[in-house]
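Asks: This is the structure I want to talk about, given as C-alpha cells.
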Amino acid sequence: MKIADRYYQFDKNYMDGGGEFNKKTANPPMDGFAIGMYETNYGNLPLNWPKYDALVPYYTEQAAETGKVPPSRPFMDNFNLDESCDLRVAMCCFTDAVNSKAFVPNAKVCHHDLHPSQRSAHVSHGDAYFVGGGTDAHCVGFTWDSQTPSDPFKANMLYEISYKYWYDNGYIRNVPGAPMCGCIEKMPTVTTSKCIELDPSNTQVTYQVTDDGAGGVTVSILSSNVAVRDCGISLEEYHDRSSGATPEEKAAVTEKILGDTCDASTMRFFNSNYLVPQVTDQYDLKPADRSWTQVAGQGTEFLPLANYDNMVEREEQFLRLLMASSTKIVYRKCGDCLPGFQDIYYKRINTANYPSPEFLDLFLNHWAEVEFNEFDVDFELYSDYTAAVNRDQSQKWQYHDYTDERIGFPFESGPTGMSECQWNSYNPEFQVCGGYYAPVTTAFYVDS
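Count the sequence shown with my numbering and you get residues 2 to 449, in order.
The structure is reproduced here in C-alpha cells:
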C-alpha cells in the first residue's frame, strides 16, 4: 500500500527533508489527502518496510558497472535493512513547521558526518557542526528487536514518526546536511529524542494460513489492529534498557543520541577530524578603528555585484570614494595569503590624475602599468597602515611587477623582492597559480 500515494522519488525527497510536503506553505489535511484516507480506512493495518521495485534496474546497472553484487532487496538508501540499519533504531529530526502549526523543539543537534548519508546531502564527504551548543530540532524515534513484538511492526512506527507526524503536527525540514528521517547510523548526533513504541495491549493481528496446492502455504491477514504509544522516557533511555541490544550497540546509539549536552561530543568530533577551535583575527579589518568602505570581495568577504547596476557604476563609486578619502588609501585584505601579504595598503600619491575608465578592475583582474598607475610615481605600497599614511620610506615596498596583465593586484610584487601566488583574480579562469588555487578570500576597501 502506498501511504502518500506517490512514488519512490517523492518518498525519498520527503525523508531527506525536501519535496512539497516540506514547504512552509504545505497544508497537511489537503496536500496529505491520501494519508487522511489511509488513516480513516486502513490506519490499523500492518505495514511493510519501504522498498521499491523501481530501484531494481538501477541497482542492477550499478552492480554491472562496479562488479558488486546488487542488494537483495530494493530499500531506500537511509532505510536499508541489509546494509545500514544494524543498530535497529530509526529517527526523524525536524527543524521547522508549516505556517499553520507551531514548532516546538525538544533537542539540540550537535554535529553530523555527511558521508554515511551522502545520497541525501549530495556531498560525498564533509562534516557539519553547530555552534552555540547546537541548533534546535524536534527529534522522535523508535527501536526494534527480534525479542519483542516490535520487529514485525517497525514499518508502522516509521510511518508514525514520518508521514503521520507531518500530518498531525505539521513538522517539516531536515537538519542541514543530514536526512530528515533515517536509520540512526545515517542521522546527526543530537542531545536527546522523543520515543515511541508498539502498544502491545492494543495491537492484535489475526492471520489465516491456507494450503496453496503446491506444497506450500499462503498467509493472509484476517483482521488487525496495530497501535503505537509514547514510551514515557527518552529514546536513548529506552534503548539503554532494551534486552535485545548488545552493550556495543547501546554504546553506539549513545554516540548518536547523547542524553547530555553537545559539548563533550562536539570536542571528540573535532579531535577525530583534527579540527582545533580557536579565535583568529586573520580575517579582521586592520586597523579595526578605521572606517572602511568595501568596494569588492570574494570568498568569505563576498560582495555581490547585485549591489550595482553594472561595473560602470561600481567604477564610478570606487573613484568617488578614493578622491574623497583624506588618506587616499586602498586596502586589500587577504585571509588566504601568506604573512606579509594579508594586509596591503595602496597609497595614492598622484591625486590630480587617476586611471580611467577601469581603475577598480586594475586591482581585481588586470594589474598593469597604465597611464597614471606607475609605481613610485602615482602610488606606493605598504604592509602597514600607519606607514602608508605617513609615507614611511623605510617600510615602502621595494619590488613591483605587473608584467602579466591577466592577473590582479599586486601580481608578483613584494616588500623586498618577487612574490608568488599572492595575487588575486576575480575571473575564475585565472584563479589557479602553479597548479594551486590563488587566494580566493580577498576584499578591497577604501579608507573613508
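Heads up, the beta-carbon is just placed ideally off N, CA and C, and yes, glycines get one too.
Bear in mind that the values here come from a model prediction, so they are computed numbers and not experimental data.
Kindly indicate which three-state DSSP category Met-419 falls into: helix, strand or coil?
Replies: Correct three-state label for Met-419: coil.
Asks: Based on DSSP bridge pairs, tell me the residues matched to Gly-142.
Replies: According to DSSP, Gly-142 bridges with Met-92, Cys-196.
Asks: Residue range of the alpha helix (DSSP H) that Asp-169 falls in?
Replies: Asp-169 -> alpha helix (DSSP H) spans 164-170.
Asks: Could you say which of Asp-393, Phe-445, Ala-91, Thr-207 lies nearest to Trp-145 if we only look at CA atoms?
Replies: Nearest C-alpha to Trp-145: Ala-91.
Asks: When DSSP labels each residue in this structure, what does Leu-320 get in the three-state scheme?
Replies: In this structure, Leu-320 counts as helix in the three-state DSSP scheme.
Asks: On a Cα-Cα basis, can you pick out the residue from Thr-352, Gly-183, Pro-29 that is closest to Asn-14?
Replies: That would be Gly-183, whose Cα lies nearest to the Cα of Asn-14.
Asks: On the CB-based measure, 16 or more other CB atoms within 10 Å of its CB, does Asp-213 come out buried or exposed?
Replies: Asp-213 comes out exposed.
Asks: Three-state secondary structure (DSSP) at Asn-425?
Replies: Coil, per DSSP.
Asks: Sorted by chain position, which residues of the same chain lie with C-beta nearer than 6 Å to His-112's C-beta, five sequence neighbours on each side aside?
Replies: Hits under 6 Å: Tyr-130, Thr-190, Thr-267, Phe-270.
Asks: Distance, Cα to Cα, Phe-376 vs Met-181?
Replies: Those two C-alpha atoms are separated by around 58 Å.
Asks: I'd like to know whether the C-beta atoms of Tyr-346 and Tyr-400 end up nearer to each other than 7 Å.
Replies: Their beta carbons are not under 7 Å apart, which means Tyr-346 does not touch Tyr-400 by this criterion.
Asks: In this structure, how does DSSP classify Val-266 when only helix, strand and coil are distinguished?
Replies: Val is not the amino acid found at residue 266; the sequence shown has Ser there. Looking at Ser-266 - three-state DSSP - the assignment turns out to be helix.
Asks: Check whether the Cβ atoms of Gln-205 and Ser-221 sit closer than 7 Å, and answer yes or no.
Replies: No, the Cβ-Cβ distance between Gln-205 and Ser-221 is not below 7 Å.
Asks: Would the beta-carbon of His-139 fall within 7 Å of that of Asn-175?
Replies: In this structure, Asn-175 does not lie closer than 7 Å to His-139 by Cβ.
Asks: Use the C-beta contact count for Ser-121: other C-beta atoms within 10 angstroms, 16 or more gives buried, fewer gives exposed.
Replies: Result: buried.
Asks: Among the residues of its own chain, which have a CB less than 6 Å from the CB of Leu-361, if the five just before and after it don't count?
Replies: Glu-316, Phe-319, listed in sequence order.
Asks: Which whole-angstrom value is the C-beta distance of His-240 and Lys-251, which I expect to be below 8 Å?
Replies: Sure, about 6 Å apart at Cβ, within 8 Å.
Asks: Find out if the Cβ-Cβ distance for the pair Gln-423, Phe-364 is shorter than 7 Å.
Replies: The answer is no: Cβ separation not under 7 Å.
Asks: Mapping the DSSP letters down to three states, classify Phe-445 as helix, strand or coil.
Replies: Correct three-state label for Phe-445: strand.
Asks: Restricting to runs no shorter than 3 residues, where is the beta strand (DSSP E) found entirely within the segment 170-247?
Replies: Those beta strand (DSSP E) runs which fall completely within the segment 170-247 and span 3+ residues are 182-184, 195-199, 205-212, 218-226, 229-231.
Asks: Going by C-alpha to C-alpha distance, which of Val-124, Glu-314, Pro-411, Thr-192 sits closest to Cys-94?
Replies: The candidate whose alpha carbon is nearest that of Cys-94 is Thr-192.
Asks: Would you check if there are 3 or more beta carbon pairs closer than 8 Å linking the segment 29-44 to the segment 161-177?
Replies: They touch, by the three-pair rule.
Asks: Sort Ala-35, Ala-228, Asp-290, Val-70 by Cα distance to Ser-151 and report the nearest one.
Replies: Per the Cα distances, Ala-228.
Asks: DSSP three-state label for His-367, please.
Replies: In this structure, His-367 counts as coil in the three-state DSSP scheme.
Asks: Roughly how many angstroms separate the alpha carbons of Thr-404 and Ala-444, rounded to a whole number?
Replies: Taking the straight line from one Cα to the other gives about 22 Å.
Asks: Apply the 10 Å Cβ neighbour rule to Gln-299 and answer buried if 16 or more other Cβ atoms are within range, or exposed otherwise.
Replies: Buried, since its Cβ has 16 or more Cβ neighbours within 10 Å.
Asks: Given this structure, state the Cα-to-Cα distance separating Lys-195 from Ser-225, to the nearest angstrom.
Replies: When rounded, the distance between both Cα atoms is 26 Å.
Asks: Note down the Cα distance separating Val-441 from Gln-432, rounded to an integer number of angstroms.
Replies: In a straight line, the C-alpha of Val-441 is about 8 Å away from that of Gln-432.
Asks: Could you give the distance in angstroms between the alpha-carbon of Glu-84 and the alpha-carbon of Gly-33?
Replies: Roughly 31 Å separates the two Cα atoms.
Asks: On the criterion of 16 or more Cβ atoms from any shown chain inside 10 Å, does Thr-96 qualify as buried, or is it exposed?
Replies: Thr-96 should be labelled buried.
Asks: Considering only the beta carbon of each residue, do Lys-109 and Gly-142 sit closer than 7 Å?
Replies: Cβ atoms of Lys-109 and Gly-142: not closer than 7 Å.
Asks: Need the endpoints of the beta strand (DSSP E) that Asp-12 sits in, please.
Replies: No beta strand (DSSP E) contains Asp-12, which is instead part of the alpha helix (DSSP H) from 9-17.
Asks: In the segment 340-398, which residue ranges form an unbroken alpha helix (DSSP H) of at least 4 residues, counting only runs that do not cross its ends?
Replies: Runs found: 360-365, 386-391.
Asks: Could you tell me the boundaries of the beta strand (DSSP E) in which Arg-407 lies?
Replies: Run containing Arg-407: none; DSSP gives neither H nor E here.
Asks: Per the DSSP calculation, Arg-333 is bridged to which residue(s)?
Replies: DSSP output for Arg-333 lists Ile-345, Phe-445 as bridge partner(s).
Asks: Under 8 Å Cβ to Cβ from Val-427, same chain only, skipping five residues before and after it: list those, please.
Replies: In the sequence as presented, Val is not what sits at residue 427; that position holds Tyr. Closer than 8 Å at Cβ, skipping near neighbours: Ala-297, Gln-299, Leu-365, Asn-366, Gly-409.
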